[in-house]
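Residue numbers (this note's numbering): 3 to 577.
Reading through the structure tokens given below for one structure.
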């Protein structure tokens, strides 16, 4: 295979030549990385979850047989398949099986419900959905059944888990794998379908500022270059990695799942564990590298039974997805430093391909107040003014980036739409305001884009606003992020009602759930206001609105079930 998925902009011939000649791109696929790991140490444990332990030899066997089963179902190169998994080994099997045959995974997380999934489906037209019947309290079958009736191009539903509990429609992943006999000639059968390293390896959803979801196409080469440098800076060749954030996130997929296979080391999957569960896993599996959201690390550091657990196997601990309070970071460094474990500090990552990290030996102020340095050779990050002119070191501007890890444009966007995403000289506009000092260290100072950063999720207010605006009582609405010590920000809907209309917080949430909104589209606070402040050009002034709301006691609203921190029960409206 050498063509590229329709709707994706290829890298220029000049970029292909430059990134290959300077060694940034290895011209390998994820299937190649799995083969390499098996050749190096076939009996090394590859992936561990709550119910299964697979060596690299066993993982490859399941990957190859599932890839064959998918081909037998009629799945072709460039076909899209939605993967919606909690942290289970079947995600790894599915992801790598698709790369055996040139199919393209579309990532989703458990908390995506019908509203989000239907948007993904309209954009990507997947031939299959793969996932479990349920994940804790989340029931997938009701909205999967609805998706089947709405989208005729969805030909296959493949369920993972206990075969006895699957719905009458669809196929069992286990049954499909078991139906393919082990065959020494399977590599030869799959070889013709190996994708080109510059073809799309995955489509990653990201919120668009217009309220419409966008998909980020990432190639094998552009992803593997980041695996290469994350691995060099944060994991040893004998590492055992704990992944405790959802595998459907780009951060987890890249920072743990694919890095583990790149290095040929062990990956332990655990789904948003409570502190006790995380410590038990670290002790039992002798975890060497653990990356989690800040609330998970804070829960461990403040746990009354912390000293009862043996966590001395840890060499690296880090967080991502939201800011970590400096006092918690200091406590983490003090505790883990007693046995030589390093704290990795903040990092900058994006589905679109950015990568900046602090060094393990950097002082605390660099680790916590900055996102470190660009670590990908051959890439260039700079800050620019409103006319796209590069600014001197230490001056605030918009952070832009270009390099072998950066994508070329969103899936199925027009040339005009793409021009809004990139500067005239081809740099990706991150939407982050930043400063870069003389050492190349990047400090994020604000955001140009209207997004809310909540506990590792990037939420787009316009998506919520579109849904809330449909309520018959709502005249105008603005969704803003309110500061929160634990989650970074929480969402607040500020609503102007129509004359003589009423709306309670519970009524708003019920209405949104009836529209198919998942938990990520449910505001956590409702404020009824008489008017929304505007800027001089007639746009809602969210900065002024946020300042006004911050000074008010909470009234006219309360918090949803999302008050639960990661690891606690979450209700996404599918119950």
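We put the CB at the ideal spot given by N, CA and C, even for glycine.
Just to confirm my understanding: we take residue i, look at its own chain, exclude 5 residues before and 5 after, and list those with CB closer than 7 Å. What are they?
| i | result |
| --- | --- |
| residue 211 | With a pLDDT of 45 at residue 211, under the threshold of 50, the modelled position of that residue is not reliable, and no figure is offered here. |
| residue 62 | 36, 40 |
| residue 42 | 266 |
| residue 10 | 202, 219, 413 |
| residue 390 | 425, 426 |
| residue 49 | 56, 61, 91, 94, 269, 271 |
| residue 122 | 84, 108, 110, 207, 215 |
Would you check if the distance between the CB atom of residue i and the CB atom of residue j is smaller than 7 Å?
| i | j | result |
| --- | --- | --- |
| residue 442 | residue 407 | no |
| residue 222 | residue 252 | no |
| residue 503 | residue 475 | yes |
| residue 524 | residue 226 | no |
| residue 131 | residue 159 | yes |
| residue 372 | residue 445 | yes |
| residue 128 | residue 84 | yes |
| residue 2 | residue 117 | Outside the shown range of the chain, which is 3 to 577, sits residue 2, and nothing can be said about it. |
| residue 496 | residue 531 | yes |
| residue 146 | residue 353 | no |
| residue 243 | residue 262 | yes |
| residue 341 | residue 314 | yes |
| residue 404 | residue 433 | no |
What is the C-beta distance between residue i and residue j, in whole angstroms, given that I count them as a contact (C-beta under 8 Å)?
| i | j | result |
| --- | --- | --- |
| residue 482 | residue 544 | 5 Å |
| residue 534 | residue 498 | 6 Å |
| residue 169 | residue 135 | 7 Å |
| residue 522 | residue 459 | 6 Å |
| residue 197 | residue 104 | 4 Å |
| residue 179 | residue 64 | 6 Å |
| residue 486 | residue 492 | 5 Å |
| residue 297 | residue 488 | 5 Å |
Exposed or buried, what is residue i when buried is set at 16 or more other beta-carbons lying within 10 Å of its beta-carbon?
| i | result |
| --- | --- |
| residue 7 | buried |
| residue 66 | buried |
| residue 416 | exposed |
| residue 382 | exposed |
| residue 78 | exposed |
| residue 520 | buried |
| residue 300 | buried |
| residue 215 | buried |
| residue 1 | The structure shown does not extend to residue 1, since the chain is modelled only from 3 to 577, so the question has no answer here. |
| residue 472 | exposed |
| residue 260 | buried |
| residue 51 | buried |
| residue 96 | buried |
| residue 142 | buried |
| residue 171 | exposed |
| residue 199 | buried |
Leaving aside the five residues before and after residue i along the sequence, list all residues of the same chain whose C-beta is less than 8 Å from its C-beta, in chain order.
| i | result |
| --- | --- |
| residue 303 | 330, 333, 334, 337 |
| residue 424 | 411, 430, 431 |
| residue 374 | 347, 348, 349, 350, 358, 359, 360, 361, 364, 368, 443, 444 |
| residue 436 | 385, 398, 399, 400, 401, 444, 445, 446, 447 |
| residue 149 | 116, 119, 120, 123, 131, 156 |
Output needed for residue i: all residues of its chain with C-beta closer than 6 Å, excluding positions within five of it in sequence on either side, in chain order.
| i | result |
| --- | --- |
| residue 24 | 380 |
| residue 44 | 58, 59 |
| residue 386 | 392, 399, 400, 402 |
The region 162 to 177 / the region 87 to 96 touching (three or more Cβ pairs under 8 Å) = yes
message = Count Cβ pairs between the region 187 to 203 and the region 28 to 36 that sit closer than 8 Å; are there 3 or more?
response = yes
query = Hey, is the region 262 to 276 in contact with the region 36 to 51, meaning 3+ C-beta pairs nearer than 8 Å?
reply = yes
The region 100 to 109 in contact with the region 154 to 168 per 3-pair CB rule at 8 Å = no
ask   = Is the region 68 to 83 touching the region 270 to 290 in the sense that three or more CB pairs, one from each, lie closer than 8 Å?
value = no
key: the region 109 to 119 touching the region 240 to 258, judged by at least three CB pairs closer than 8 Å   = yes
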